[in-house]
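First residue of the sequence shown: 1, per UniProt numbering; consecutive thereafter. Quick reminder that beta carbons are idealized off the backbone N, C-alpha and C, glycines included.
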Amino acid sequence: MPKISIIVPVYNVEHYLPRCIDSLLHQSIQDIEVILVNDGSTDTCKEICDIFAQKDSRIVVIHKKNGGLSDARNTGLTIAKGEYVGFVDSDDWVDLSMYEVLYNLCIQLNSDISTCLIKNVGKNKKQKNRASNKIEIYDSQKAIHSLYKGTLSGFSACNKIYKKKLFKNIEFPKGRVYEDAAVMYRLFNLANKIVFINAPLYMYEHRENSITRSNFSEKRFDIVPNYYETYSFMKKNYPDMCERLNAIYFSSLRNMIVDIVCEKNIVKNSNHILRVSKLIRNSNKVILRNNSLSVRHKLFAQILAWCPWLGVLMYQLRMKINYESYTKH
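Rendered as structure tokens:
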């Protein structure tokens, strides 16, 4: 039995895939299984997967019809043989020591989950170096609190390894974006312990055609069912986190307006603006009572709820001022 099964959903990333696979095959821990799930790619990814599999017996390839990221991950989980499992997006890559570091943390500290920092890479991506290699140990309650307060390592499924048994009754929601946030709190809740190392071992490639970074998509509204499912869970198990969750939900809705404003054709997205406005209006009482939100954010929520086009104009003006200020320097 391999120590870790690494599941890689693959879809139309022929220019990035070899780099990703190479970073896995050259891990300092060799006792791994790499599961490449080709999710109906229409480029040369199928051939790339098969070529790598012929060269290394640790690779298992699955070719399937396109079902989305969650479906590909779930498919990989059904055949994973490792004691632990991890996930890598096929346009990303990992430090050559990542899985050995995370595995040793789990074994030495008897932890169900271990996690590290993500380093954002790609065009014009710069970030402050927060690495210290400091190790922190959390129980499930502390980990969930830290996750939603932004002091842990984020909702991504990819910078972590998990005891495979945690997925016995959990799968990624098919057909949704933000699938990581939909399951991470449930995995943390089941874990006996979560270990975090402050080291950037996972390399996240920013690509312009990602769903969350390209033209505004209807899929962005997947945050709504995610929110209600999470709220129901938190109200039952961690009621003190509901206020923080509500603040995150409002911030997500507000950011949807910002992203629409950034597009050239706002009129095309007028229905989306009105839909976001209605969602904020429906949560208005909760927003006004929320102590995690500043007065300024609460006031702006009222504008977006009742006069959304005024909010759009305010964002446009702010962006223009920021741009003019930037070009002067």
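Excluding the 5 residues flanking residue i on each side, which residues of the same chain have their C-beta closer than 7 Å to its C-beta?
i, result
"Ser156", "Ile118 and Asp180"
"Ser277", "Leu304, Ala305 and Pro308"
"Ile266", "Ile260 and Val312"
"Asp50", "Val61"
"Val231", "Looking at the sequence itself, residue 231 is Tyr, so the reference to Val does not match. So the qualifying residues of the chain are Cys242 and Leu245."
"Glu263", "Asn215, Phe216 and Asn269"
"Arg73", "Ile7, Pro9, Phe87 and Phe172"
"Thr75", "Val37, Ile62 and Lys64"
"Thr212", "With a pLDDT of only 45 at Thr212, under the threshold of 50, the placement of this residue in the model should not be trusted; the figure read from the coordinates follows. Contacts found: Val177."
"Leu69", "Pro9 and Glu179"
"Ser132", "Asn198"
According to DSSP, is residue i part of a helix, a strand, or is it coil?
i, result
"Met1", "coil"
"Glu136", "strand"
"Asp71", "helix"
"Leu77", "helix"
"residue 339", "The requested residue 339 does not occur in the structure, where the chain is confined to residues 1 to 329."
"Ile6", "strand"
"Lys219", "helix"
"Val177", "coil"
"Lys64", "strand"
"Val94", "strand"
"Arg213", "Per-residue confidence for Arg213 stands at a pLDDT of 49, beneath the threshold of 50, marking its modelled position as unreliable; no derived number is given."
"Val13", "coil"
Looking only at DSSP bridge pairs, what is residue i linked to?
i, result
"Pro200", "Leu117"
"residue 406", "Nothing about residue 406 can be read from this structure; the chain reaches only from 1 to 329."
"Gly86", "Ile6 and Ile161"
"Ile194", "Ile113 and Tyr138"
Hey, quick one: how far does the alpha helix (DSSP H) through residue i stretch, first residue to last?
i, result
"Ile266", "Premise fails: Ile266 is in no alpha helix (DSSP H) and is neither H nor E."
"Val286", "Asn284 to Leu288"
"Leu25", "Leu17 to Leu25"
Assuming residue i contacts residue j under a Cβ cut-off of 8 Å, what Cβ separation, rounded to an integer in Å, is found between them?
i, j, result
"Ile223", "Ser252", "5 Å"
"Leu102", "Ser114", "4 Å"
"Ile6", "Gly86", "5 Å"
"Asp92", "Cys158", "7 Å"
"Arg186", "Ile170", "6 Å"
Who are the Cβ neighbours of residue i in its own chain at under 8 Å, not counting the five residues just before and after it?
i, result
"Gln27", "Val94, Leu96, Ser97, Met98, Tyr99 and Glu100"
"Leu105", "Ser111, Ser114, Ile135, Val195 and Ile197"
"Tyr315", "Ile257, Val258 and Val261"
Which first and last residues belong to the beta strand (DSSP E) in which residue i is found?
i, result
"Val37", "Ile32 to Asp39"
"Ile170", "Neither: Ile170 is in no beta strand (DSSP E) and is coded neither H nor E."
"Phe300", "Premise fails: Phe300 lies in the alpha helix (DSSP H), Val295 to Trp306, not in any beta strand (DSSP E)."
Excluding the 5 residues flanking residue i on each side, which residues of the same chain have their C-beta closer than 6 Å to its C-beta?
i, result
"Phe250", "Ile287"
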